[in-house]
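Participant: Mind having a look at this structure? Questions to follow.
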Amino acid sequence: MGNANSPASVFTVNQISELHIGGVPIHEINMGSLNENERNSLINLLIQYKHTFAINTKDLGCTNLLQMKIKLTTQQPIYRQPYRLSHTEQQIVNSKVHELLDAGIIRESESNYASPVILVKKKNGDSRLCIDYRALNAVTIKDRYPLPNIDDHISKLAGMKYFTSLDMAQSYHQLLIAPEDTHKTAFITPQGQYEYLRVPFGLANAPSVFMRLVSKIVNSIRCTESDSSRHEILAFLDDLLLPSIDFISGIKMLELVLQKFKSENLKLNMKKCSFLHDKVTYLGHEISHDGIKPAELKLIAVSHFPTPKNVHEIRQFIGLCSYFRKFINKFAIIARPLTELTKKNVPWLWSNKQIESFNELKKCLCSKPVLALYDTTLNTEIHTDACKVGIAGILLQQQLDGTLRPVMYFSRVTSREETMYHSYELETLAVVESLRKFRVYVVGKHVKIITDCTAVRATLTKRDIIPRIARWWLLIQEYDISVEYRPGERMKHVDALSRNPIDAVNINRLEIADWFYTIQYQDDKLKSLIDQLNSKSAGPDIVNNYVILDNRLYRKTLNGNRLVVPGPARWKIVQMHHDEIGHVGLKRCTDLIKKEFWFPKMTRFIRKYVTSCLHCAYGKGEHGKKEGMLHPIPKPKEPFRMVHIDHLGPFTRTKKGHVYMLVITDAFSKFVIAEPVRTVNSIETLRILKRIFSLFGYPDRVVTDHGKAFTSRYFKKFALDKQFKHTLNSIACPRANGQVERTNRTILNALRATDPSEAANNWSNCLPDVIWGINNTLNDTTGFKPYDLMFARDGRPVCDLTIPGQVSESIQSKRKKASARIDRAAAKMKRNFDKRRKRSHIYKKGDLVLWRQAPTSSASKVNTKLDDLYSGPYIITKVLGNDRYRIRSIKGLRGYKNFTGLVSADSLRPYRSIALVSDSASSSDDQLETEDLIDLLES
1303 MGNANSPASV FTVNQISELH IGGVPIHEIN MGSLNENERN SLINLLIQYK HTFAINTKDL
1363 GCTNLLQMKI KLTTQQPIYR QPYRLSHTEQ QIVNSKVHEL LDAGIIRESE SNYASPVILV
1423 KKKNGDSRLC IDYRALNAVT IKDRYPLPNI DDHISKLAGM KYFTSLDMAQ SYHQLLIAPE
1483 DTHKTAFITP QGQYEYLRVP FGLANAPSVF MRLVSKIVNS IRCTESDSSR HEILAFLDDL
1543 LLPSIDFISG IKMLELVLQK FKSENLKLNM KKCSFLHDKV TYLGHEISHD GIKPAELKLI
1603 AVSHFPTPKN VHEIRQFIGL CSYFRKFINK FAIIARPLTE LTKKNVPWLW SNKQIESFNE
1663 LKKCLCSKPV LALYDTTLNT EIHTDACKVG IAGILLQQQL DGTLRPVMYF SRVTSREETM
1723 YHSYELETLA VVESLRKFRV YVVGKHVKII TDCTAVRATL TKRDIIPRIA RWWLLIQEYD
1783 ISVEYRPGER MKHVDALSRN PIDAVNINRL EIADWFYTIQ YQDDKLKSLI DQLNSKSAGP
1843 DIVNNYVILD NRLYRKTLNG NRLVVPGPAR WKIVQMHHDE IGHVGLKRCT DLIKKEFWFP
1903 KMTRFIRKYV TSCLHCAYGK GEHGKKEGML HPIPKPKEPF RMVHIDHLGP FTRTKKGHVY
1963 MLVITDAFSK FVIAEPVRTV NSIETLRILK RIFSLFGYPD RVVTDHGKAF TSRYFKKFAL
2023 DKQFKHTLNS IACPRANGQV ERTNRTILNA LRATDPSEAA NNWSNCLPDV IWGINNTLND
2083 TTGFKPYDLM FARDGRPVCD LTIPGQVSES IQSKRKKASA RIDRAAAKMK RNFDKRRKRS
2143 HIYKKGDLVL WRQAPTSSAS KVNTKLDDLY SGPYIITKVL GNDRYRIRSI KGLRGYKNFT
2203 GLVSADSLRP YRSIALVSDS ASSSDDQLET EDLIDLLES
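Numbers 1303 to 2241, taken from my numbering, label the letters of the sequence shown in order.
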């Protein structure tokens, strides 16, 4: 061991001042209040072991002390499709992947496992690469490594004077994955597939494995010294604390640890280490030479509960206290001055009695027997709640007598941006923040989360959730949690904290006004305006339109002063008021921004941004009138010139093996033919059509959907040989084949009305009677029986009541009248349909579009409510008229599958890239729109 008091003469003063350790200058190292000799001794030691501190990711260590194994409950590979990333995000992911490849942390993979990646914003604005291992964690056998008892740890700190806190650099990345399990960590990006060689962030067992590693290191150091009591090292997960009774023993202990880290090839993060301080906060306690006391933050949510100002707030506080009233002796007597105020016709009075009652109840909630000491062996729960005002959580443990008692309280007010979150987002945030706040108590063990929001539970397993919540959940993957719903009336204890949060909030965010103070001064144009206004040299145009308040430039408008937004900041402002509050609509986004901000032609810029948002384009449906008018196919003037064909089913298999029926409807007479069939393939379909057409003649046009029987090469050849025009309606557009779709509905209703046992098992036997009834019933559109218009005579009725001597009208006259009625009905239908629609967007060949496919049933019963509504982009390859287009998938895009289809305009929406939104908001178009004029008038 080196001499801790060796002089620093090997370095000059200038050399020391210029020296960096772990990327941190010597003068910025976090040291306690040491004298000059002590400081020099510490600096010498750190310089001696400077290679034990990592400079960057490439400089990380890697130990062979142990390897992490991943044991699963299933042999089925876990595979998830990658998330959609913007071009900018893809570049960041690519950069992060190359950094990990260069550091030897990952390698390229050919694994049949794959988890998607997502970027999570750090507080400093940088992005962290996270892997969504939720599916893998769900089938991972949990590693239950026991955690140290917090009270035992704390008791060892009594009488200590100096405290050194150490933090491992990217701790998990210094542990190896067992070679046989590396393929299970595979993740997929737009650029390729990779797998981890070292432990990644997000695996369920990572905390337990890390705790096991730290325990090995600590135990081996203890064994090297005979006087272990003087060299007690405390380790709780990633909190490594070195307490000592004096400076000499403290620096000796530090050298022991640095030696061990060096020999095991482990490295520390200098930026998060602190050396030889006389006071430290550790595991929720404030520890110093004077003694140990619980950290104020542990109880501040209750001890600083705001004084009630009305009856409603009194009820909230009593709701909190009542949840734990069984532990409060004489609760009813203590609380009586407060409960009296909640009665009807009692005037509000906040006197000394109420103050004493209020303070006594707060004192009870923050002390025994209400407040319990944390015990690692007991079942643990976190109860959370949130509202626009604040978020809150209570850590509780089930005692041996079965009662739940609080261990720690947490609450804070919501930030300005958070107040605009959806309630579901706020409830999720309450869970995430509570887990972070109670981390040392809950990581590494199973914890039950109790919330009054049912949607929170579903997000644990959902693949497609909104980006903000996805990022939150990925940050807490290391926790072993289950979520349980409980009605709000049973959560009043947490509700009281969330609706009365303390104002001492540790939210590290730069206020909007402070941010503007910096960015306005970095914009040359705005800086010039500010200088002119400050120097009183500004002209009347500037003075009349701008004003400086609190050193920030504002625009004068009819609706008050608004902060002037520089060009580079406009993206961020719109992003904050659109992307980060749940992708709100154009009007709400515009209204929110216009309350505080101003820049030229802002409405146009906001509209371009919102309409180009890909998350909205893929995930949101259309509102208001749908696109596309009705384009009826011209009807023939005689029967069987045009027929509509479709397959109906599947039904219960009959004794003869029939599962479907082939339905044919004549466009003119509405005559129906239906034949039971075993399959929907083209061979059987063509066999039946040939037989029917041989009786009625071949039509001029056949209209069908895109069923595989009608799109096969056999059907195309059949149409070509028999010289009839085959019209395929647009995909997922049943109205284009409405004649037969209406017939299908009539057939189904008739079969349902038939004897259930007969219809279900022998529906093909009932079919002829149903079809006979349709063909011999007056049709509302034509005014005649289909049978009568198809043939030159009436079908013989079941009971013939024809008046003797009655003269039958000629078939030509009937068909002429029917044709006129069909034309009138078609015109009326078009008028009624078009009233509810708007003109379709006109696309050109080569345009990129998104396509909304019809929802499909899922045999796996997976909830698809949060799936994207649109897919794509696709390219328009042909404009067919009547609001129909042929689209094709684009080769080279992620998830490419060869596809070509005929679709209607109302299932499409333009594909707009947000990258094309100009920062200047004016682009090359100088023509002012209505919104621009309004902006000018307001200013």
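Where a beta carbon is used, it is the ideal one built from N, C-alpha and C, also for glycine.
#1: Within 10 Å of its beta-carbon, does residue 1252 have 16 or more other beta-carbons around it, so buried, or fewer, so exposed?
#2: Write down the C-beta distance between residue 1719 and residue 1509 rounded to the nearest angstrom, noting that I regard them as a contact closer than 8 Å.
#3: Nearest to residue 1395 by CA position, among 1378, 1365, 1405 and 1432, is which residue?
#4: Is it the case that the Cβ atoms of residue 1635 and residue 1684 are separated by a distance below 9 Å?
#5: Specify, as a first and last residue, the run of the beta strand (DSSP E) that residue 1941 falls within.
#6: Within 10 angstroms of its Cβ, does residue 1803 collect 16 or more other Cβ (buried), or is it exposed?
#7: Do residue 1998 and residue 2024 have their beta-carbon atoms positioned less than 9 Å apart in this structure?
#8: Along the alpha helix (DSSP H) that carries residue 1666, what are the first and last residues, could you check?
#9: So what does residue 1377 bridge to, in DSSP terms?
#10: In terms of residue numbering, what span does the alpha helix (DSSP H) encompassing residue 1466 cover?
#11: Give me, in chain order, the residues of the same chain whose beta-carbon lies closer than 7 Å to that of residue 1549; leave out the 5 immediate sequence neighbours on both sides.
#12: Tell me whether residue 1385 sits in a helix, a strand or coil according to DSSP, three-state version.
#13: Counting pairs of Cβ atoms below 8 Å between the stretch 1347–1364 and the stretch 1564–1576, do you hit three or more?
#14: Excluding the five sequence neighbours on either side, which residues of its own chain have a C-beta within less than 6 Å of the C-beta of residue 1405, listed in chain order?
#15: Hey, how far is the Cα of residue 1713 from the Cα of residue 1642?
#16: Indicate whether residue 2178 and residue 2147 have their beta-carbon atoms separated by less than 9 Å.
#17: By how many angstroms is the C-alpha of residue 1385 removed from the C-alpha of residue 2254?
#18: Using DSSP bridges, identify the partner residues of residue 2151.
#19: Can you name the start and end residues of the alpha helix (DSSP H) that residue 1555 belongs to?
#20: According to DSSP, simplified to helix, strand and coil, what is residue 1485?
#21: Compare the C-alpha of residue 1347 against each of 1441, 1337, 1556 and 1694 and name the closest.
#22: Output the distance between the C-alpha atoms of residue 1964 and residue 1919, rounded to the nearest integer angstrom.
#23: Counting pairs of Cβ atoms below 8 Å between the stretch 1404–1423 and the stretch 1441–1452, do you hit three or more?
#24: Among the residues of its own chain, which have a CB less than 7 Å from the CB of residue 2000, if the five just before and after it don't count?
#25: Between the C-alpha atoms of residue 1612 and residue 1605, what's the straight-line distance to the nearest angstrom?
#26: With a 10 Å radius around its C-beta and 16 neighbouring C-beta atoms as the bar for buried, classify residue 1366 as buried or exposed.
#27: Check whether the Cβ atoms of residue 1979 and residue 2076 sit closer than 9 Å, and answer yes or no.
#28: Classify residue 1407 as helix, strand or coil using the three-state DSSP reduction.
#29: Could you name the residues of the same chain whose beta carbon sits closer than 6 Å to that of residue 1469, not counting the 5 residues immediately before and after it, in chain order?
#30: What are the residues that DSSP puts in a beta bridge with residue 1701?
#31: State the start and end residues of the unbroken alpha helix (DSSP H) segment that holds residue 1879.
#32: Since residue 1785 and residue 1801 are thought to touch, with beta carbons under 8 Å apart, how far apart are those beta carbons, to the nearest angstrom?
#33: Quick check: the stretch 2039–2049 against the stretch 1985–1995, are there 3 or more CB pairs under 8 Å?
#34: In this structure, how does DSSP classify residue 1322 when only helix, strand and coil are distinguished?
#35: Taking the beta strand (DSSP E) that residue 2043 belongs to, which residues open and close that run?
#36: Less than 9 Å between the C-beta atoms of residue 1537 and residue 1517, yes or no?
Facilitator: The short version:
#1: No answer is possible for residue 1252: the residues shown for the chain start at 1303 and end at 2241.
#2: Mapped onto the sequence shown, residue 1719 falls at position 417. Mapped onto the sequence shown, residue 1509 falls at position 207. That pair is no contact at about 30 Å.
#3: Within the sequence shown, the letter at position 93 stands for residue 1395. Of the candidates 1378, 1365, 1405 and 1432, the one whose C-alpha sits nearest the C-alpha of residue 1395 is 1432.
#4: Here residue 1635 refers to the residue found at position 333 of the sequence shown. Here residue 1684 refers to the residue found at position 382 of the sequence shown. For residue 1635 and residue 1684, no; Cβs fall outside 9 Å.
#5: Position 639 of the sequence shown, counted from the first residue, corresponds to residue 1941. Careful: residue 1941 lies outside any beta strand (DSSP E) and carries neither H nor E.
#6: Indexing the sequence shown from 1 puts residue 1803 at position 501. Classification for residue 1803: buried.
#7: The count along the sequence shown starts at 1 and reaches residue 2024 at position 722. The count along the sequence shown starts at 1 and reaches residue 1998 at position 696. The answer is no: Cβ separation not under 9 Å.
#8: Residue mapping note: residue 1666 aligns to position 364 of the sequence shown, counting from 1. From DSSP, the alpha helix (DSSP H) with residue 1666 extends over 1654–1667.
#9: By one-based count along the sequence shown, residue 1377 stands at place 75. According to DSSP, which records beta bridges pairwise, residue 1377 is partnered with nothing at all.
#10: In the sequence shown, the residue the question calls residue 1466 occupies position 164. Where residue 1466 is concerned, there is no enclosing alpha helix (DSSP H), although the beta strand (DSSP E) it sits in stretches over 1464–1468.
#11: Here residue 1549 corresponds to residue number 247 of the sequence shown, with the count starting at 1. Excluding residues within five positions, the ones whose Cβ falls inside 7 Å are 1340, 1464 and 1578.
#12: Sequence index remark: in the sequence shown, residue 1385 carries index 83 (1-based). In this structure, residue 1385 counts as coil in the three-state DSSP scheme.
#13: yes
#14: Counting from 1 along the sequence shown, the entry for residue 1405 is found at position 103. Counting only Cβ-Cβ distances below 6 Å, and skipping sequence neighbours, we find 1359 and 1360.
#15: Working through the sequence shown from its first residue, we reach residue 1713 at position 411. Working through the sequence shown from its first residue, we reach residue 1642 at position 340. Distance between the alpha carbons of residue 1713 and residue 1642: 27 Å.
#16: For the purposes of this step, residue 2178 is taken as the residue at position 876 of the sequence shown. For the purposes of this step, residue 2147 is taken as the residue at position 845 of the sequence shown. Yes, the Cβ-Cβ distance between residue 2178 and residue 2147 is below 9 Å.
#17: This structure gives no information on residue 2254, because the portion of the chain shown stretches from 1303 to 2241.
#18: Residue mapping note: residue 2151 aligns to position 849 of the sequence shown, counting from 1. Answer is 2176 and 2212.
#19: As a first step, residue 1555 is located in the sequence shown; it is residue number 253 there, counting from the start. From DSSP, the alpha helix (DSSP H) with residue 1555 extends over 1549–1565.
#20: As a position in the sequence shown, residue 1485 is number 183, starting the count at 1. Note: residue 1485 maps to helix in three-state DSSP.
#21: Your numbering for residue 1347 matches position 45 in the sequence shown. Closest by alpha carbon: 1556.
#22: Here residue 1964 corresponds to residue number 662 of the sequence shown, with the count starting at 1. Here residue 1919 corresponds to residue number 617 of the sequence shown, with the count starting at 1. For residue 1964 and residue 1919, the distance between alpha carbons rounds to 38 Å.
#23: no
#24: Position 698 of the sequence shown, counted from the start, is the residue given in the question as residue 2000. 2024 and 2026, listed in sequence order.
#25: Along the sequence shown, one-based indexing puts residue 1612 at 310. Along the sequence shown, one-based indexing puts residue 1605 at 303. The straight-line gap from Cα to Cα measures roughly 19 Å.
#26: To locate residue 1366, count along the sequence shown from 1; it is residue 64. Looking at its Cβ environment, which holds fewer than 16 other Cβ atoms inside 10 Å, residue 1366 is exposed.
#27: Along the sequence shown, read from residue 1 onward, the residue named residue 1979 stands at position 677. Along the sequence shown, read from residue 1 onward, the residue named residue 2076 stands at position 774. Their beta carbons are not under 9 Å apart, which means residue 1979 does not touch residue 2076 by this criterion.
#28: Translated into positions along the sequence shown, residue 1407 becomes position 105. Of the three classes helix, strand and coil, the one that applies to residue 1407 here is coil, per DSSP.
#29: Along the sequence shown, one-based indexing puts residue 1469 at 167. Taken in chain order, the residues that qualify are 1571, 1574 and 1575.
#30: Position 399 of the sequence shown holds residue 1701. DSSP lists no partner for residue 1701.
#31: To locate residue 1879, count along the sequence shown from 1; it is residue 577. 1872–1880 is the extent of the alpha helix (DSSP H) around residue 1879.
#32: The residue labelled residue 1785 in the question sits at position 483 within the sequence shown. The residue labelled residue 1801 in the question sits at position 499 within the sequence shown. That pair is no contact at about 22 Å.
#33: no
#34: Residue numbering aside, residue 1322 sits at position 20 when the sequence shown is read from its first letter. Of the three classes helix, strand and coil, the one that applies to residue 1322 here is strand, per DSSP.
#35: Within the sequence shown, residue 2043 is the residue found at index 741, counting from 1. Not the beta strand (DSSP E): residue 2043 falls in the alpha helix (DSSP H), residues 2040–2055.
#36: The sequence position of residue 1537 within the sequence shown is 235, counting from 1. The sequence position of residue 1517 within the sequence shown is 215, counting from 1. The answer is yes: Cβ separation under 9 Å.
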